[in-house]
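Counting in numbering that gives the first Met the number 0, the sequence shown runs without a single skipped number right up to 1017 at its last residue.
Glycine residues also receive a C-beta, built at the ideal position from the N, C-alpha and C atoms.
Before any comments, here is the structure.
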Amino acid sequence: MKFCIFISLVFILACLRLEGQVTTEGRDFWVGFMDNLRPATAELYFSSRKATEVKIASPLSDYEVIVQVMPNETSVLRLPDQFIYNEEGISELGIHITSNEDISVFALNKTAQSADAAVILPTKALGNEYIVVSHKESNSEESELLIVATENQTHIEIIPSADTFGGWEAGTPVVVIMNAGQTYQLKSNGDLSGTIVRLPQSSSNECTNFAVFGGSRMTFVGECGFNQDHLFEQMFPTSTWGKEFLYVPFKSRIGGDMLKLVAIENNTRVNISGLPAFSINSGQVIQMGNVLDGVRSISADKPISAVQFARSQDCDGQSGDPFMLVLSPMEQKIKDITFSAFEGFEINQYYLTLITDSGSQTGIILDGQDVSGSFEVFQRKAYATINLSSGNHNLIAPQGVIAYVYGFGNIESYGYSAGVSLDNVNLSVAASDTQTGTIERLSCYGDQITFTAIVETDASSTFEFTNYTWDFGDGNIAEGKIVNHTYQSGGTYDVKLIASDGSGECSSSETAFMTIEIAKPEVIAINGSISVCSEAQNIEYTAQVANAEKYFWSVVGGSIQGDSNQAQISVNWGKGDPDASVSLYVIGPEGCMSEEFNLPVLIDNRLQPAIPQGPNYVCFSEKESVQYGVSSTNGSIYQWFVSNGEIIGADNSNEVLVRWEGGNTGEIWYIERNLAISDCEGQSDKIYVKVGSEISIEEKIQNVRCSGGSDGIIELAVIGGEGPYFYEWNNEIASKENKVDNLSSGVYSVVITDSKGCMHTESFEVTAPEKLEATMDLTHVKCFGGDDGEASVNVTGGTSPYKFFWNGSNTESSSTLSQLSKGTYSVKVVDHNNCDFDLSFQIDEPEILRATTIDSPTCPENDTGSILVNATGGTAPYTYRWNLSPPRDSQLIEELSAGIYSVTVTDANGCSLTLDDRKISEKYPIIRVPNAFSPNNDGFNDHFNLDYECSVQKIEVVIYNRWGQVIYSSNDIEMKWDGTFKGQSVPSGNYPYSIAFTTTFEGELFQNVMRGKVHVVR
């Protein structure tokens, strides 16, 4: 169905044509942030045409901050990290933004090499039916959507397109109930594109609107590359979808971008230039492959949504990474916006893409420069992509434009709409006047406006609206298809029309908006003399006005001298006229006329001067110099008088400075005379001036108890001034009370204003102790299996005295714990403020002390034995004591006879081990016989002789030749054969021998014979 809502206005001066347009500018917004790779940063950006104060609050988490925004500049606020919610389900982290002037809001969710941004829709542009677009590729992080409720008890039906983390099945509706400020985050390992989020169709609840965001925690785009990025975009209500788009690939990327389309209605026919036409059904999401190159026009016979995705950097090797951008239909253009090209961690290329109808690019101004020459024409449309610098920019497009801002860097990017129009495409709001043409949203104060809703439906439709409810934005409402309304105050108002069939179901109603500005030029005052002498000349009167362009003065009892269309006139007064007065009305730049302001004037030589202008209450801090005065009258002189004060400087002009005495009430008045007219003078009435007492503060400060804590408190008692008192704290403290708590350490300033507006500023420091920390002095167990370990705690920081609790005990103990065996122990240190520090430690012990010996046996009836001790384990070095008489201290003992010996090994810690059974035995005597010798008289191996390991008592050595003839014999233990027989050298060869010997072994005589051969080498 299609609606045309015409608004006709009856003016005093003219009839105007009004066109309603809902844009991304507004005064009320709701936003939330989806999960991003940690650590992530959430930032809000604000811009406005006028200076304004923006309040950012989280109604359910006690967060509130005020941000000042200057005209055509961008202010930024970094939110606490807690506002990036990382779980699926409900949270209380919705953010409400309000302002007293129209602003644009942008949100940025960024971490290193992962960022995306979104333009935030004002509350009036939200809807109650959305179809989400997100993205998910294989091996990427989860896709996400986030809902932000704007009103309590909002019932929301969610039909996920993929199974969710929380166990919701694809295609199964789930209803959640949310309050204002709550968010609901949905996560899936599938693509949540096509998920429906709406009010339940059978619901009879009020048609509440809410915000929806879609995207991905991190994902690839294009099925290429390895670089993921966060996707974050606000979804547009289905009522704002359009039928015609222009797709312009992102600059600097090669090959184009990815595109997704989704439809509201079945059998939606879609045409993309260069491609065959195709159809989409309701809720169906079509992805146009992994990449779509070239500029393309997109059209459909029913409303659709189009979302453009930048691909991963590795897809084309160009700087950048994924982000998503909801495209604006050609029906939804903006005309004036201030935006910011955000700085990212890696972003170094910034671009602005502009799209409009061919011919409408004329006069488009970017940052004061005409950029209409940058446009190219494509099928009745015009587009341009312009390089930007980071920072603030202003765009003006008299005939409307679509604007996208995006930035690329090394594996990082973001993109968002600079601003869009979000009119309900089924509705139009207009009023016309044949004389003045089209004016977007202006009317005059006091004019009666006739609002008329004209509904047009498709010829085949049987649906009919029966109820029309108007909300004029000033607290007044009306019912009816045609209504009249007159605004009683100037200002900007949002007019809201709800048309329905009376069933109470949201699916059977439509909403239209129009923003109207009521211009009210006003004469605030006429400054000049209200008592003048008869025939006084050249008396000046000055207008104090608001929003005035033309002035219309009139005088009774005198005449205006010179031009009267000025903010100031000069009057020559006549003789006494009881109706004497000065009157003024003005016309503003919009052509609206003010009410007439009249200033009565007394013409009499007995002057009645106006009461002095100036404060009748003076703050103590300002009492030293206070200005009073009256409008200066041509020809008059003045003389001032005060009590309980003194005049500083001259007292004979129309203005004077006074120093008042503190804590008193004074008076001030003056006498006015006209020296040119005899006997023309008069005394003014007195004004009574009270000087306030000095404001001072008595503070109670509770410092932070534990380092890093936030339990500090400042409580103030104000002395002096006049209550009640108002408190304005710095450091982003939202409290307006005299007591603030939950403070971390730092310096806090407060401006105290009393009921008279007197101010006092003072700063207070909240301190915190040094960080409570502890170290251990450990004495480990000396001997294996012992329990002589000890631990002592050394504490720094915190607030003494300290308490110590060992091994989970609730019983306080000293700082030292003894009699410890090997093991793991813990201690909790608690200081005087109950701050605690936990520490665990290990008591070690040495390996078990062990010893081994290597003994060498002794020869019979000799002291040739030895024992060597080797120690392991324990703690080196070791000492050794042999239990002999006298004792010996040595690792090796020698000259031992056969027997049993004992040794005690002691380590460096005094741990000892005794070996009692070290035995030295006798070894059997062994004679070593050479198997060859060379009797060549060369001094080497010239003899055949024997080597005895132990001595023998008797020996007989006999050597034979090969025929068995004895060629040598000897009974000498030290025998040496020189290889001769009967004085002649024996020839080379083998010679048998026989060695018979007698010895003692283990106390008994023992005989043995050894036989073998020795080789003589010649």
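Bridge-paired residues (DSSP) for residue i
i	result
Y492	I515
V173	I157
Y550	V585
T239	Note: T239 sits in no beta bridge, so no partner.
N793	T774
W639	Y669
C949	Beta-bridge pairing links C949 to no other residue.
Contact under 7 Å by Cβ, residue i with residue j
i	j	result
F219	E143	no
P723	S754	yes
S113	G221	no
I538	D576	no
L191	A161	yes
V1016	A931	yes
E660	G644	yes
I646	V629	no
F407	G319	yes
T857	I919	yes
A148	Q181	yes
V400	A417	no
Burial state of residue i, where buried means 16 or more other Cβ atoms lie within 10 Å
i	result
G807	exposed
L1004	exposed
W962	exposed
V581	buried
T997	exposed
T22	buried
I648	Strictly speaking, residue 648 in this sequence is Gly, with Ile absent from that position. Per the 10 Å Cβ criterion, exposed.
K453	Strictly speaking, residue 453 in this sequence is Ile, with Lys absent from that position. Exposed, by the Cβ-count rule.
P1050	The structure shown does not extend to residue 1050, since the chain is modelled only from 0 to 1017, so the question has no answer here.
D115	buried
Q331	buried
H1014	exposed
G988	exposed
V617	buried
S459	In this prediction, S459 has a pLDDT of 47, which is less than 50 and means its spatial position is unreliable; nothing more can be read from the coordinates.
I271	buried
G527	buried
H154	exposed
G873	buried
D843	exposed
P1018	The question about residue 1018 has no answer, for the chain in this structure spans 0 to 1017.
E86	exposed
A41	buried
Identity of the residue in the options nearest residue i by Cα
i	options	result
T449	L441, N833, I481	I481
S90	P58, D946, N930, N270	P58
K781	A767, N833, I847	I847
T384	G390, N393, S371	S371
S499	G474, N466, I476, E478	N466
I899	Y877, V118, D854	D854
E1018	H484, W469, A535	This structure cannot speak to residue 1018, because the chain is shown only from 0 to 1017.
I263	S278, L583, N989	S278
G479	G489, G472, I497, Q200	I497
S820	F374, G788, K735, G797	G788
E860	G784, N832, F1000, L777	F1000
Y992	Q184, E973, E955, K981	E955
A39	C618, L107, V600	L107
Q638	Y669, P159, G711	Y669
S533	N571, E521, Q543	N571
K259	V306, N265, A299	V306
E894	S46, Q378, L883	L883
Any C-beta of chain C under 7 Å from that of residue i
i	result
L848	Among the chains in the structure shown there is no chain C, since it carries only a single protein chain.
Taking only runs of the beta strand (DSSP E) that begin and end inside the stretch 567 to 604, which ones reach a length of at least 3 residues, in chain order? 567 to 572, 580 to 586, 596 to 599
Where in the stretch 802 to 859 do unbroken runs of the beta strand (DSSP E), each at least 3 residues long, occur, reported from the N-terminal end onward? Runs found: 802 to 805, 815 to 819, 822 to 829, 835 to 842, 849 to 855.
Quick one: complete beta strand (DSSP E) runs, 3+ long, within the stretch 955 to 986? Within the stretch 955 to 986, the beta strand (DSSP E) runs of at least 3 residues that lie entirely inside it are, in chain order, 965 to 969.
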